[in-house]
Each structure stands twice: as structure tokens, then as C-alpha cells.
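Note sheet for the following structure.
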Amino acid sequence: MKKRTSLLCCVAALIACMCIVPAAALETDVTLRVGLTAGGANTFTEPKLENVAGEPTGYTVGRIDGTTFVGSTPLAASQLTIRLVDDAFQVSDTASGKVLYTTDAGADHLAIRPNSALTWFKGYQWPGDFMYRRASGGSITVINYVAIEDYVKGVLPYEIDPDWPIEAQKAQAVCARSFALGTHKHTDRGYDLCNTTNCQVYLGANKATATSDAAVDATRGQYLVYEGEPVIGYFFSSDGGATEDAVNVWGGDYPYLKGKIDPYETHNVPWSVTLSAEQIRQKLQSAGYTIGPVADVRATDNVGQVTITDTAGNTVTLERSKVRTVFGLKSIRYTITPNGASTVAARPQRTSLRVVPSTHKVKVDGEHVAPQGYNVEGNNYYKLRDIAYILNGTKEQFGVAWDGAGRRILLAAGQAYRPVGGEMRSTDEVAVKSCVPSTVSIELDGAPIALTGYNINGNNYYKIRDVGKALGFTVDYKDATVLLQTKPDAEVAPIRPSVDPEGGTTTPSIDPEEGATPPTAPESSTPPAQPEVTNAVSYTFKGAGWGHSVGMSQWGACAMAEQGYDYKEILRFYFTGISVAG
């Protein structure tokens, strides 16, 4: 079986969603509004549609009232391109360029209903209708209006291995449906859910199998309830032997989210992360904490607290899931071991630099994207992982890996990038705590290369022009916009793997590109020299499991299904006192 690597969403999103939905508000035969992100972008200048081959061609255009499509204008073309022209939505035949339909000027949206059951958009086959809304800068937001059962079919193979036993997939389907019914977190943007790990990964029908579709059909309309009220079925990859109370992880006490020993899960792969004392300090500062050179790191208990003490006696205490997210650990189940002691030399004071979050827009092949960037002395610098993320699916795509032992960033030209979580974070509210020239080595296809870079808040950022020259894409600048141009035939984005936003599919043990988002600062100079301190050289976190450990272990569900348990028995084991309704 394939390794399960996808998790539901980041801890902040989980906390925001920790709610019980009023029973009277629940309706299972609903249409969901899903804001689409593809290729790292969530707005588009010229989004296109194409009927899937072998299905009826053509479309009907109109508008959407609530979630009901209203329209009667047929279009015979099989491929459409949508633009904003002279303050109106314009629909043209992609093949011929002929304009087929134009809305009134000032129309706030356009709706399109394909005649085909599935329709191509950005390399994925989507069910349902499409709404186009105005976004900033003349770009367009694409919203998929999809029946909830079709939505769950588009979630399931991305959130659990479609080759796993069908009872495990049924359990996952109930959890995914419960989440969609109970979590409408983007209504301020004009839609209910996004299609990324911030909600649930939903990418249409590309990876759906007969088994995954059958699991959804077999549980049609079913959701979790506790004492008669609908609840959300949280899940994660593996628990390392026991799940955990929600109160110990997120701080909210929910009676159906109680921890228990897990006798079924056998996927207890150990993990180990070693961080130097300086790296611990940098990670804490990146997360907004003030601390000097680290002298001690000590766990109060397994998941409750970790206290970090600096050489001046100041302390920072991390509680619950903060330990995992700040230090980049795979789970909340770990031990901490100090490694040796030595004298750490004083750091020389460095010259002040002008460092501000980059305000320049970025486009890749004409599409707006938003990598995290800083402007250092007038030049734009970005994370290599963000650049790899936005170029994924083009001829200039490249892989990024971190060699902790050799302190090297390894780039592989032409290799699809595998997201690890934390890509494309906003720089809008990130305080610049420190900025020094990057000392990390970089190799491209095994050969050393030189990129101009800075380590800002413990993360490495590189000059975009240098990266373009090394990887083969063109970088230009016009109208306060950084323009990245790849070679032709870069239209279709690849199928991205589901990602654990709190750890990632391939989270490195020490990743110099990870970051956090404390408050903004207009500029920064690096901190003054620090005195010599004697302390542990590093600290090793050893543990098991992957994810937040609250709710259903996906590997545990797989093991229970293999032992003959059905999906309701799986759900009743992991969620205390629940039943399956619908």
C-alpha cells in the first residue's frame, strides 16, 4: 500500500472549525461552493474550460441565484476562454478566438453550466457548474458549484489511499462529508470551502477509482452525530499507539474527541528530528517569541508543555500543538534528549540592511501567484520552495530537498515538486527579526551553483533573477510586477499530492525554508553580539505517529478494515459516543 501522507488542514484551521453544527441547519442534499486553486494560484486572468472527450459538448451561460443556475443561452464550442474585457465578462471559443457571449458591463459574476458531466480546468476534471467572480487586478476567481456527493468523491482519493480497503474509505467518506457540512469557513470570499489543505483537498475526478466512488455511494448522505447533534470528523495519518484528547492538543474540550490506546494501528514508523540550540532559538523567534541563546529544553509532559530556557534565565513555554508546529515535528508523541555541551562563540554584530516584505506582484505565464518574498536593498528574494511550487507542471519545474547533515539544498531540474506544507505563506504580517547572508550550499542536479541569498528569520530566500538563470526561466519586471515566463506548453498543472500543512508529505528533519508569521516590521537590523554560553549542542526529538492525533487515525482505520471491522465500527472506536446518521 502507498504511504498515507495527506492530512486535513493546519492547526489554526482546525481550531476555527471546532464547532457543533445545529441539527436544524443540516441538509445533506446540498450544493457546495468551492473556490478553486490550481498551480499555486487562486485567481486567473484567462481561465479556460474544455468538455471531457466522449461526453456531450457545449455549455449554457447565465448566472447563479443562491446555488441555483439560471440561464438559457447555449454555446456550441467545446473549449471556452473567459476574460474581463471593458468591465464585462467575455466568453470566446478557445480554438477560433470568436467571441460567443458578453455580459452586461459591471456584472458581478458569470455562470457556466457544461453539457458534459466532467469538465477540464487547469488539468483536472471537475463535476458541476462554474461561477466566475471579479478579483483584484482584473483577475478572476473560479468557483465550482458541486453536489456534495460529487465533492466527496473528489476529496476521498486525495485524503486517503484509494487502494486501501473499502471500509476504511467509507469511514473517510463520512468524515469528509461531516467536514463539508459543518465547515463553511470562506463565506466572506463568496464560497463555502477552498480546495486545498486549508479545508480538504478536492481535485475533481482525476484520481477517483471504482472503489473510492463505491465508498461514497455506500455512505451517501451519512455524517457523524454526538447526542443528536452533527459533529466534524477530524482525522490524521497515524497515532503512534494512542490518540489524544482534543483539550490536550487544541485547548477545547469536546466529549466525542477523547484519546485512547490504539491496539489496531501497526504503522508506527519512528521519526527523529535534531535541532541545534541556535536553530531552536531561530524557530522560536520566527514564531514571534523573544529568547536569547538556548540553555535548556525540557518537556513537562508528553503533549502538555515544553519549556525552553535561555542563558539569562528567561523562559518560553509552548503548550499543546504549538510544540509540533513551531519545531516542525511530525506528531505530538516524542521524547527530548540533549546532545553534549560546548562553548558557542559570540556572534559578530552585522551591518544593518533595509529589509521589507516585497510589495511587488508576481505573475507566472500571465497568472497571478503570491510567493512569500522580501525586498532586500532593492532586490526581490523568494523561498526556493515557493518558486518550485508555482513552477510545478511547467517545463522549468524542479524538486527541492534539504540535506541536513551536509547543510545543502538539493535542486533537481525537471522533477515535480512535492509540497511539504507552509508554501505560499503571506509576508504581510511577518516581522523581520534577523537578516544575514545565507551560508547554505546549493546543488543543482549534483553540481554546486551560486545563488545570492539571505537568511531571514531562519529561512533562506534567494534573488529571483539568479534562480531564473540557473533553472532556465525568464525573469522580467514591469509595472511593479515580477514576471516569470516559462517555455511554451506549460499550461496544464500536475496532480498535486495531498499535503499535511503542519508537517508535509516529505517534511525534512531540519528545513531552512520553513517559516512563521509574527507581526510586521518595516525594516530590521540583525541583533547585537551575544556573549559566550555553554549549553547543549543540540536537542533530539524522537517520536512516532504523524499528525495531530485527534480523531481518526487513517492508518488505524486501514488496519481495522483489514481485520474485518466495518466503517461504523471504525468510526465508533475513534470517536467517543458518536453514531452515524443520514
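Quick note: the sequence shown uses my numbering, first residue 171, plus one each step.
Using N, Cα and C, we set each Cβ at its ideal position, and we do this for glycine too.
query: Using 8 Å as the Cβ pair cut-off and three pairs as the minimum, do the stretch 402 to 422 and the stretch 702 to 722 touch?
result: In short, these stretches touch, since the Cβ pair count reaches three.
field: Closest Cα partner of Val570 within the set Thr609, Ala287, Gly726 and Asp615
entry: Out of Thr609, Ala287, Gly726 and Asp615, Asp615 has the C-alpha closest to the C-alpha of Val570.
Three-state secondary structure (DSSP) of Cys728: It is helical.
message: Quick check on the DSSP output: what are the complete alpha helix (DSSP H) runs of length 4 or more inside the stretch 546 to 572, in order along the chain?
response: Correct list: 554 to 561.
- request: Specify the secondary structure class of Thr357 as computed by DSSP and reduced to three states.
  value: Reduced to three states, the DSSP call for Thr357 is helix.
- prompt: Going by the CB atoms, is the gap between Val645 and Leu621 shorter than 8 Å?
  reply: A distance of 8 Å or more separates the beta carbons of Leu621 and Val645.
- request: Tell me, please, whether the stretch 335 to 347 touches the stretch 731 to 750 by the rule of three or more beta-carbon pairs shorter than 8 Å.
  value: Taking 8 Å as the limit for Cβ pairs, the verdict is that the stretch 731 to 750 does touch the stretch 335 to 347.
- prompt: Hey, which unbroken runs of the alpha helix (DSSP H) at 4 residues or more fall wholly within the stretch 449 to 500?
  reply: As far as the stretch 449 to 500 is concerned, its whole alpha helix (DSSP H) runs of at least 4 residues are 492 to 497.
- request: Assuming Val316 and Gly298 form a contact by the criterion Cβ under 8 Å, report the distance between their Cβ atoms to the nearest whole angstrom.
  value: Under the criterion of beta carbons closer than 8 Å, Val316 and Gly298 qualify as touching, at roughly 4 Å.
- prompt: So, is Leu741 buried or exposed, given that buried needs 16 or more other C-beta atoms within 10 angstroms?
  reply: Buried is the call here.
- request: Determine, using beta carbons only, whether Lys218 and Thr251 come nearer to each other than 8 Å.
  value: Taking 8 Å as the Cβ cut-off, Lys218 and Thr251 qualify as a contacting pair.
- prompt: Would DSSP call Tyr737 helix, strand or coil?
  reply: Three-state DSSP puts Tyr737 in a helix.
- request: Using beta-carbon positions only, say whether Asp333 and Arg303 come within less than 8 Å of one another.
  value: Cβ distance not < 8 Å, so Asp333 and Arg303 don't count as in contact.
- prompt: Which term fits Asn221, buried or exposed, when burial requires 16 or more other beta carbons within 10 angstroms of its beta carbon?
  reply: By the Cβ neighbour-count rule, Asn221 is buried, with 16 or more other Cβ atoms within 10 Å of its own.
message: Going by C-alpha to C-alpha distance, which of Ser242, Thr389, Glu216 and Leu254 sits closest to Tyr737?
response: Checking every option, the nearest Cα to that of Tyr737 belongs to Thr389.
task: Just grab the DSSP bridge partners of Lys340 for me.
output: DSSP, once it has assigned bridges, lists no residue as partnering Lys340.
message: If the criterion is Cβ atoms closer than 8 Å, does the pair Thr215 and Gly422 meet it?
response: Going by C-beta atoms, Thr215 is not nearer than 8 Å to Gly422.
query: Whole-angstrom Cβ separation of Gly205 and Tyr361, contact assumed at under 8 Å?
result: Between Tyr361 and Gly205 the Cβ distance is about 4 Å, and since that is below 8 Å, they are a contact.
message: I'd like to check one pair, Lys633 with Asn549: are the Cβ atoms closer than 8 Å?
response: In this structure, Lys633 lies closer than 8 Å to Asn549 by Cβ.
field: Three-way DSSP call (helix, strand, coil) for Gly205 in this model
entry: Looking at Gly205 - three-state DSSP - the assignment turns out to be strand.
field: Buried or exposed by the 16-neighbour rule on C-beta atoms within 10 Å, applied to Arg577
entry: Arg577 comes out exposed.
- prompt: With DSSP run on the structure shown, which of helix, strand or coil describes Glu319?
  reply: Looking at Glu319 - three-state DSSP - the assignment turns out to be helix.
- prompt: Excluding the five sequence neighbours on either side, which residues of its own chain have a C-beta within less than 6 Å of the C-beta of Val191, listed in chain order?
  reply: Any reading at Val191 must be qualified, since the residue scores a pLDDT of 41, below 50, and its modelled position is unreliable; the value itself is stated next. For Val191, where only same-chain residues beyond five positions count, the Cβ hits under 6 Å are Gly352 and Pro400.
task: Could you tell me if Lys500 is buried or exposed, where buried requires 16 or more neighbouring beta carbons within 10 angstroms of its beta carbon?
output: It counts as buried.
field: Three-state secondary structure assigned by DSSP to Arg390
entry: In the structure shown, Arg390 falls within a coil segment according to DSSP collapsed to helix, strand and coil.
- prompt: Who pairs with Gly444 in a beta bridge, going by DSSP?
  reply: Here residue 444 is Thr; the residue named in the question, Gly, does not match the sequence. DSSP lists Thr710 as partners of Thr444.
field: Coil, strand or helix - Gly298 by DSSP
entry: Here Gly298 carries a coil assignment [DSSP, helix/strand/coil].
message: Please state whether the Cβ-Cβ distance between Tyr551 and Pro589 is less than 8 Å.
response: Going by C-beta atoms, Tyr551 is not nearer than 8 Å to Pro589.
message: Tell me which residue opens and which closes the alpha helix (DSSP H) that Arg577 is part of.
response: Run containing Arg577: none; DSSP gives neither H nor E here.
Cut-off 6 Å between Cβ atoms - residues of its own chain near Gly752, not counting five sequence neighbours on either side: Excluding residues within five positions, the ones whose Cβ falls inside 6 Å are Thr198, Gly391, Gln392 and Tyr393.
task: List the whole-angstrom C-beta distance separating Ser442 from Trp716, where the pair is believed to meet the contact cut-off of C-beta under 8 Å.
output: Not quite, the Cβ-Cβ distance comes to about 13 Å (not below 8 Å), so this is no contact.
Span of the beta strand (DSSP E), counted from its first residue to its last, around Lys218: Where Lys218 is concerned, the enclosing beta strand (DSSP E) stretches over Lys218 to Asn221.
field: From Glu547, Gly591 and Phe643, residue whose alpha carbon lies closest to that of Gly623
entry: Looking from the CA of Gly623, the closest CA among Glu547, Gly591 and Phe643 belongs to Glu547.
task: Report the rounded CA-to-CA distance for Val233 versus Ile336, giving the unit in angstroms.
output: What sits at residue 233 in the sequence shown is Arg, not Val. CA-CA distance, Arg233 to Ile336, rounds to 39 Å.
- prompt: Which two residues bound the contiguous beta strand (DSSP E) that contains Asn630?
  reply: First-last of the beta strand (DSSP E) with Asn630: Asn629 to Lys633.
- prompt: Roughly how far, in whole angstroms, is the beta-carbon of Tyr544 from the beta-carbon of Ile431, given that I think they are within contact range, below 8 Å?
  reply: Contact doesn't hold; Cβ gap of about 47 Å is too wide.
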